[in-house]
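For the sequence shown, my numbering gives the first residue as 126, with consecutive numbering after it.
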Amino acid sequence: MQIPFLAWLLQGLPEAIGIAAVMYSVAGFGLRWRTIVPVGILFGVAFYLIRLLPIAFGVNTLLNFLLIVLVFQKATSCRLALAIRSGLAALIIVVVAENLFFILFVSALGLDTEAIYNILWLRLLVSWPNVIVLFTVAVIYNSMLNRRVNKENQVEYK
């Protein structure tokens, strides 16, 4: 399924950067935006190009997953297992959030899937909560991880 360029630019690219942010956070690398943004842009461009291929939707998802794992591993020099775990976390968040928000919007607006995807501003409106969830999860997980690390590094004085 092809995506309009404007939809990719305004929703697909921010979502890809959010996926990179979740992966960095889950892997314990922190939110290093100078590396997250270029990796996310690379994800976004690759996602767009993969969607142009004449392949089934499930194959598209599998290729995207393999791509994010391999690019993340290369960009961070982490173990493959850590890259897979981070990629799975991001994939689960995307799938759950997209399905949840899409169902809520379809119910609230009373429109079918085709109608939503044919109206660009509606398509963006339905998709943006997912982007917000990705960034929110990345920030919250990162702060929880930082708190835990700080707690472990505290020295008690008596």
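From the three backbone atoms N, C-alpha and C, an ideal C-beta is built for every residue, glycine too.
Along the alpha helix (DSSP H) that carries residue i, what are the first and last residues, could you check?
| i | result |
| --- | --- |
| residue 193 | 182-201 |
| residue 158 | 158-177 |
| residue 139 | 138-152 |
| residue 210 | 205-234 |
| residue 241 | 238-243 |
Can you name, in chain order, every residue of its own chain whose Cβ lies under 6 Å from the Cβ of residue i, other than the five neighbours on each side?
| i | result |
| --- | --- |
| residue 263 | 146, 147, 150 |
Assuming residue i and residue j form a contact by the criterion Cβ under 8 Å, report the distance between their Cβ atoms to the nearest whole angstrom.
| i | j | result |
| --- | --- | --- |
| residue 156 | residue 275 | No, residue 156 and residue 275 are not in contact; Cβ-Cβ is about 16 Å, not under 8 Å. |
| residue 255 | residue 223 | 5 Å |
| residue 165 | residue 128 | Contact flag wrong, Cβ pair sits at about 16 Å. |
| residue 211 | residue 230 | Not a contact, Cβ separation roughly 28 Å. |
| residue 208 | residue 219 | With a Cβ gap of about 16 Å, residue 208 and residue 219 do not count as contacting. |
Give the single residue among the options whose Cα lies nearest to the Cα of residue i.
| i | options | result |
| --- | --- | --- |
| residue 206 | 182, 254, 191 | 191 |
| residue 201 | 221, 160, 253, 225 | 160 |
| residue 130 | 203, 152, 176 | 176 |
| residue 140 | 203, 230, 258 | 258 |
| residue 135 | 260, 253, 271 | 253 |
| residue 269 | 152, 137, 232, 144 | 152 |
| residue 174 | 162, 249, 138 | 138 |
| residue 133 | 172, 158, 162, 243 | 172 |
| residue 213 | 236, 265, 189, 238 | 189 |
Once you ignore the five residues that flank residue i on each side, which residues in its own chain have a CB closer than 8 Å to its CB?
| i | result |
| --- | --- |
| residue 217 | none |
| residue 234 | 241, 247 |
Quick one: is the Cβ of residue i within less than 6 Å of any heavy atom of the ligand ATP?
| i | result |
| --- | --- |
| residue 160 | Only the bare structure without any ligand can be found here, which leaves the ligand ATP out of the picture. |
Note down, in chain order, each residue of its chain lying with its Cβ closer than 7 Å to the Cβ of residue i, except the 5 sequence neighbours on either side.
| i | result |
| --- | --- |
| residue 226 | 251, 254, 255 |
| residue 260 | 143, 146 |
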